[in-house]
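Participant:
Chains as they are written, first to last, in this note's numbering: chain V, 1 to 248; chain U, 1001 to 1267.
(1) Nearest to residue 1163 of chain U by alpha carbon, out of U:1171, U:1173 and U:1152?
(2) Starting from the C-beta of residue 1101 of chain U, find all residues in its chain whose C-beta is less than 6 Å away, skip the five residues before and the five after it, and write them out in chain order.
(3) Output yes or no for whether 9 Å exceeds the beta carbon distance between residue 177 of chain V and residue 145 of chain V.
(4) I'd like the list of long-range same chain contacts for residue 1202 of chain U, defined as Cβ closer than 7 Å, with 5 residues on each side in sequence excluded.
(5) Within the 9 Å Cβ cut-off, does residue 120 of chain V reach chain U?
(6) Provide the residue(s) that pair with residue 205 of chain V in DSSP beta bridges, ordered along the chain.
(7) Among the candidates U:1009, U:1008, U:1024 and U:1010, whose CA atom is the shortest distance from the CA of residue 1195 of chain U?
(8) Residues of chain V with a CB under 7 Å from the CB of residue 1163 of chain U: which are they?
(9) From this set, V:123, V:96 and V:128, which residue's C-alpha is nearest residue 109 of chain V's C-alpha?
(10) So residue 1083 of chain U contacts chain V; which residues on that side make the cut at Cβ distance below 9 Å?
(11) Here's the rule I'm using: 16 or more other beta-carbon atoms within 10 Å means buried, otherwise exposed. How should residue 157 of chain V be labelled?
(12) Compare the C-alpha of residue 151 of chain V against each of V:187, V:28, V:66 and V:203 and name the closest.
(13) Among the candidates U:1075, U:1033 and U:1205, whose CA atom is the shortest distance from the CA of residue 1181 of chain U?
(14) For residue 34 of chain V, collect the residues of the same chain with a Cβ closer than 8 Å to its Cβ; drop the 5 residues on either side in sequence, then sort them by chain order.
(15) The ligand COA and residue 1017 of chain U: does any heavy atom of the ligand fall closer than 8 Å to the residue's C-beta?
(16) On a CA-only basis, which of U:1161, U:1244 and U:1154 is nearest residue 1031 of chain U? Give me that one, please.
(17) In angstroms, rounded to a whole number, what distance separates the CA positions of residue 1175 of chain U and residue 1119 of chain U?
(18) Quick check on the DSSP output: what are the complete beta strand (DSSP E) runs of length 3 or more inside the segment 118-161 of chain V, in order along the chain?
(19) Can you list, in chain order, the residues of its chain with a C-beta nearer than 7 Å to that of residue 210 of chain V? Leave out the 5 residues immediately preceding and following it.
(20) Could you confirm whether any beta carbon from chain U is found closer than 9 Å to the beta carbon of residue 56 of chain V?
(21) Can you tell me where the beta strand (DSSP E) holding residue 1237 of chain U begins and where it ends?
(22) On a Cα-Cα basis, can you pick out the residue from U:1052, U:1005, U:1054 and U:1059 that is closest to residue 1185 of chain U?
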């Protein structure tokens, strides 16, 4: 199923109508090899829904979705695992694929979770679990990687590292990445295309054009100026303990 | 001591334990123990039909259990009732319908106790063949769907997103449950069959740290239950099916000691 223009997923006016309301509607976007697409938007704006449409997790959708790959890895926003299962990190890494031991080790090493390999999955902290989820996705060497808030619970320096890592993954694996993030100012500089959602596509384009967009500024208010300045001046700022930005 | 009937019982029991071990793990992992009960209850109707229409019991039970399972899947989607209520509804009503049908066909003499608790000592060579061939088939299918079934047990959406077709393997697994109930109903009876599925897996859960070891321990625990249960039933003249389950219970209590030890180590 090779595609000339590196297209992985093509969504046209896609939407989901469930329990008498639209979770999201009229989303049009393309995911391409080697590109990072970021979905941003307030809570309940349909980011996760859009990602799930792209993954084919909804049975009845409006519009059109075409997928050109089967090598998909997914890092869901929250994952609840039933603890009636005895399962180690090692078993979880091989959940949907059969990896060689060195592949498992390498991927865990990259995300800094190698020491956890024989730990019981339920003994992991939120941040550790997130690293394992990322490692599992990387180890699959996917064409399409869908990351829904991949740095939740990871401490701030770890967060930056993981975003650097995401950038690196897209370069080395040449895979397409659909990324959902709250942390706008970190994400913006790493991404190729931004789609701002608010129940529908509110605006989209390059990070800088979205940040300059009026609709986006209305949606995110005063955060915008910060993001713009950071985006333009890159790393000339400090971060507070809670990860907030302190201007120099 | 080793009369023929006893050897046959051993063969059937061992065959069953080899299959209920791995299947039981999934029953525990997917929280399906009450679902197994429901299928077992509906088996009574299957047995009645087998007697009336003079067809093979295992086949008839398999068909009825599968139909009940499909009805459940359908009701889950179309009603707002929680699954446990639906399971209760199906379990008791299919049991009741089974008993009513027995009442209607007064010409058939039924050993109701035998149906409820089974009689592993009364199995014939045919039963052995059904258990071993049917069991081998069940294990083969389980091996084929292992990966997607396990992945979707851990996380449904993750498995589906990565192309593992969880809905399909769920349906296949349901049929496997119906099949194991069908081939073993005559041996342990409909009240004890879920015990054979759950006890070995529960024992194994207490002493294992990963899915593979749990499956292995589950098979071992099942085999030990069968052997201890059957030999003691011969020695002290107790009913065999219940003796097997009681042996399992004793093993379960022993397996708790290991948990207590390891939690003491941690603290």
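Heads up, the beta-carbon is just placed ideally off N, CA and C, and yes, glycines get one too.
Only a predicted model underlies this, so the values are computations on that prediction, with no experimental measurement involved.
Facilitator: Taking the definition as stated:
(1) U:1152
(2) 1048
(3) yes
(4) 1028 and 1252
(5) yes
(6) V:194
(7) U:1024
(8) 70 and 72
(9) V:128
(10) Within 9 Å Cβ-Cβ: nothing; residue 1083 of chain U doesn't reach chain V, min ~15 Å.
(11) exposed
(12) V:187
(13) U:1033
(14) 6, 170, 171, 174, 175 and 176
(15) Here there are no bound small molecules, and the ligand COA is not part of this structure.
(16) U:1154
(17) 24 Å
(18) 144-148
(19) 194, 196, 203, 204 and 216
(20) yes
(21) Residue 1237 of chain U -> no beta strand (DSSP E), and no H or E assigned at all.
(22) U:1059
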